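As structure tokens, the structure follows; a few thoughts come after it.
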Ligand code: SF4
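Chains as they are written, first to last, in full-length UniProt numbering: chain B, 1 to 76; chain R, 1 to 363.
Structure below.
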């Protein structure tokens, strides 16, 4: 239940943001990370961004996730 | 494409080599969080680790630790006329003493699965003639999202929205585990997302007072292997600290804004954990200022003193005393399609995780 997925902030309108979640567009609330900026990565849990993923590791995270996704695809 | 997965394997094998060289003598690690349990089962990590490293599952599946009395209580509420129950999907099939939400829905109760508390609020706005109740189950990761919904309901004056708070917090149950004489755990993989909210301060006592080191760990196979390496290194160096492996997300101070929301809306209360019992100050009740949105107050809900399902060893599974496969009902009378206990219902429940990935671990 504590599952959370990384996503990139695309637009911000008040406390609502549009994000890119591994290629899918989603709307999330940013009440818990009000300082977030467009282009930053956040971790999304139950429709809310709960944490900002720090800059240096954001790319690494994306790469890691893509690698993992690919590895799974190969598996199946 | 081939190359990336090769690189991934290479990184995993470096970590496994280090684990093997550090784990000369037995070392038992509890993964506190249900999301870890799933990741470990899915990647068959238990099978990859040397026999000296034992991984046991902990009480970190919020649905699984919800007491039978709380389940019967929300079922009672969901059956009331005029109530629209909004819930996360994993609770739909959790068995109460007599039935579950799915069966209630078949009988005509209005029960909707929502993805977020924002969806639940929206249901309240769209159904002014109904009482929308959100079933609040979850740990510190989820609680701030519920707190925000209560803030919005108060601010916008959405009077037909309320929350039944069965939320729990992690530090008190960790303390109980550290003091449990039956349980022999050397170290903890701490929950990455809970700690991204609360930070590490509230769990430092585990390392400092109880000598149980912990590493706040992420949820990919490589994260978990690295978390295990970090714990083994602490042992080799004779240290007991709380460290962060999942530094890309979890900061030592957590998320101050989220903590502020929790503080403002909720207060610590005693809470019953399934199979474990009452743990002082381990639950979160809704503060008086938000009384109008507290389902317990709004519906004058009675307390249910329900028995746990006979034969279900969920409590022992949640404390890491037995593996799910050691429960006599596992896989026979109790399966994900026909669950006896909550540990088999939630996708994050240890029993469900073991069952789903059983074939692989038998190989
Ligand atoms: S296998 Fe079923 S009955 Fe046994 S502990 Fe798990 S949930 Fe309970």
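We put the beta carbon where it would ideally sit given N, CA and C, even for glycine. Computed from a prediction, not measured in an experiment: that's the story for all the values here.
Residue i: contacting residues in chain B (beta-carbon distance under 9 Å)
i             : result
residue 100/R : Residues of chain B passing the Cβ test: none, with the nearest at roughly 17 Å.
residue 173/R : Those within 9 Å of residue 173/R in chain B number zero; the least Cβ separation is about 14 Å.
residue 261/R : 31, 32
Inter-residue spacing [alpha-carbon to alpha-carbon] between residue i and residue j
i             : j             : result
residue 55/R  : residue 61/R  : 16 Å
residue 305/R : residue 71/R  : 10 Å
residue 287/R : residue 254/R : 23 Å
residue 210/R : residue 200/R : 15 Å
residue 29/R  : residue 96/R  : 32 Å
residue 140/R : residue 172/R : 12 Å
residue 135/R : residue 17/B  : 25 Å
residue 120/R : residue 54/B  : 31 Å
residue 52/R  : residue 186/R : 12 Å
residue 90/B  : residue 25/R  : In this structure chain B extends from 1 to 76, so residue 90/B is not present and cannot be described.
residue 385/R : residue 109/R : Only positions 1 to 363 of chain R appear in this structure, which leaves residue 385/R out of reach.
residue 26/B  : residue 115/R : 12 Å
residue 137/R : residue 166/R : 5 Å
residue 146/R : residue 204/R : 26 Å
residue 257/R : residue 351/R : 35 Å
residue 297/R : residue 94/R  : 24 Å
residue 330/R : residue 324/R : 7 Å
Proximity test, Cβ basis, 8 Å: residue i and chain R
i            : result
residue 31/B : yes
residue 4/B  : yes
residue 54/B : yes
Option in the options with minimal Cα separation from residue i
i             : options                    : result
residue 310/R : 293/R, 194/R, 334/R, 287/R : 334/R
residue 227/R : 122/R, 356/R, 114/R, 217/R : 217/R
residue 142/R : 118/R, 182/R, 78/R, 24/R   : 118/R
residue 261/R : 16/B, 13/B, 34/B, 11/B     : 34/B
residue 283/R : 67/R, 121/R, 19/R          : 67/R
residue 221/R : 115/R, 37/R, 89/R, 343/R   : 37/R
residue 76/R  : 105/R, 348/R, 63/R         : 105/R
residue 233/R : 22/R, 189/R, 156/R, 348/R  : 22/R
residue 20/B  : 31/B, 14/B, 44/B, 8/B      : 8/B
residue 18/R  : 205/R, 236/R, 160/R        : 236/R
residue 293/R : 213/R, 84/R, 178/R, 160/R  : 160/R
residue 11/B  : 45/B, 29/B, 46/B, 51/B     : 29/B
residue 202/R : 243/R, 341/R, 122/R        : 243/R
residue 168/R : 206/R, 280/R, 183/R        : 280/R
residue 37/B  : 14/B, 22/B, 24/B           : 14/B
residue 162/R : 83/R, 214/R, 89/R          : 83/R
residue 180/R : 295/R, 316/R, 98/R, 156/R  : 316/R
residue 193/R : 176/R, 245/R, 57/R         : 245/R
residue 11/R  : 312/R, 126/R, 35/R, 229/R  : 229/R
residue 357/R : 154/R, 47/R, 42/R, 15/R    : 42/R
residue 50/B  : 32/B, 40/B, 39/B           : 32/B
residue 346/R : 58/R, 79/R, 78/R, 90/R     : 90/R
residue 251/R : 154/R, 197/R, 214/R        : 197/R
residue 16/R  : 5/R, 47/R, 31/R            : 47/R
residue 239/R : 79/R, 296/R, 208/R         : 208/R
residue 122/R : 86/R, 92/R, 103/R          : 86/R
residue 314/R : 79/R, 151/R, 327/R, 307/R  : 327/R
residue 206/R : 195/R, 219/R, 188/R        : 188/R
9 Å Cβ cut-off: residues of chain R touching residue i
i            : result
residue 47/B : 114, 115, 116, 117, 118, 119, 145
residue 9/B  : Within 9 Å Cβ-Cβ: nothing; residue 9/B doesn't reach chain R, min ~15 Å.
Residue-level contact to chain B via CB, residue i, 8 Å cutoff
i             : result
residue 257/R : yes
residue 403/R : Lying before the first or after the last residue shown, residue 403/R is absent from chain R, which here runs from 1 to 363.
residue 141/R : yes
residue 356/R : no
residue 35/R  : yes
residue 132/R : no
residue 148/R : yes
residue 273/R : no
Partner residues on chain R for residue i, Cβ-Cβ distance less than 8 Å
i            : result
residue 20/B : Per Cβ cutoff of 8 Å: no residues; residue 20/B is ~17 Å from chain R at best.
residue 50/B : 141, 144, 145, 193, 196, 197, 255, 258
Listed by chain order, chain B residues near residue i by CB distance under 7 Å
i             : result
residue 249/R : 43, 51, 53
Please identify, using Cβ separations under 7 Å, the residues of the stretch 192 to 207 of chain R that lie next to chain B, in order along the chain. Within the stretch 192 to 207 of chain R, contact with chain B at the beta-carbon level (separation under 7 Å) is assigned to 193, 194, 196, 197.
Which residues of the stretch 283 to 317 of chain R have a Cβ closer than 9 Å to any Cβ of chain B? Give them in chain order. Within the stretch 283 to 317 of chain R, no residue has its Cβ closer than 9 Å to any Cβ of chain B.
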